[in-house]
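Right, one structure below, let's go through it.
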Ligand SMILES: Cc1cc2nc3c(=O)[nH]c(=O)nc-3n(C[C@H](O)[C@H](O)[C@H](O)COP(=O)(O)OP(=O)(O)OC[C@H]3O[C@@H](n4cnc5c(N)ncnc54)[C@H](O)[C@@H]3O)c2cc1C
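In the numbering used here, the protein residues as written are 3 to 249.
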């Protein structure tokens, strides 16, 4: 079973021509800001499209703030080059990205002792072969989704349940893997697409940014009016363990 993540070796054993991870157009960096006391409700996730960079933060009950940022980069950078950027240079670059934003990003950066080095972010294009013989892929190895979906770990856990059910009910592994793939592929590929869509606003250029900021508040209000939630199909997914898995 290839549960070996986005750089899966098992994927290339199943199919040497399998696609490679696909760059999503931005980096990740994060930190823990100590003693900031923003007066925000602990545990509530704040996600903000800044002028030049996306910023996410959540308050800890002790007043600390856990944060991340997604600096956009048009071309896929070399991870080794990113890792070699000195900490003070990286901190200055992040400060510059948030200099015009009315969000607590600068305070978070200034109160963080160690900011993670930037790392490159990927998802997976559709992987044609999920299984061969007695070998099967699950989780990111089969369908890594952009972090902008916030769904990759959930999907990997769902996979485990659906695959377990198929192997419980079908004695032939190839048949069980076929049942597993048929049950999972449409959902996960739809979420990979949604993840890319969510992330596209993070890499908007100057004109796209103006359009995004003008339309997003109205669009969000319309989409979530009353008890409407266009993403319910993602959150409300249920797998019934007692159901029999059939081909
Ligand atoms: C920045 C970021 C934010 C994210 N945020 C969220 C979120 O909010 N919600 C969410 O649900 N998901 C999120 N995800 C996605 C989530 O982390 C992944 O989808 C999830 O970890 C995938 O689980 P996995 O078990 O398939 O792969 P992994 O967690 O990558 O585990 C694979 C394991 O296999 C091991 N391995 C690899 N090769 C070999 C080998 N040859 N031999 C032995 N072991 C090997 C690796 O060391 C690793 O431990 C995020 C991802 C990123 C990068």
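Think of the CB as a built atom: it goes at the ideal place given N, C-alpha and C, for glycine as much as any other residue.
Closest by CA to residue 144, which one among 193, 26, 27?
For residue 144, the closest alpha carbon among the candidates 193, 26, 27 is that of 193.
Tell me, please, whether the segment 121 to 141 touches the segment 15 to 32 by the rule of three or more beta-carbon pairs shorter than 8 Å.
Output reads yes: the segment 15 to 32 touches the segment 121 to 141.
Grouping DSSP H, G and I as helix and E and B as strand, with all else coil, what is residue 213?
helix
Following a CB-centred definition, is residue 192 positioned closer than 7 Å to any heavy atom of ligand 1?
Flag unset: Cβ of residue 192 not near ligand 1.
If we call anything under 8 Å between Cβ atoms a contact, is residue 33 one with residue 74?
no
Just to confirm, are residue 54 and residue 108 a CB contact at a threshold of 8 Å?
No, Cβ-Cβ distance for residue 54 and residue 108 is not below 8 Å.
Round the Cβ separation of residue 128 and residue 191 to the nearest angstrom and send it over; I've been treating them as touching at under 8 Å.
6 Å
Is the distance from the Cβ of residue 56 to the Cβ of residue 71 below 8 Å?
yes
Any idea which residues DSSP pairs residue 164 with across the strands?
The partner list for residue 164 (beta bridge, DSSP) is empty, contrary to what the question assumes.
Where residue 87 falls: helix, strand or coil (DSSP)
Looking at residue 87 - three-state DSSP - the assignment turns out to be coil, as it is neither helix nor strand.
With distance defined between alpha-carbon atoms, name the residue in 64, 35, 29 nearest to residue 123.
29
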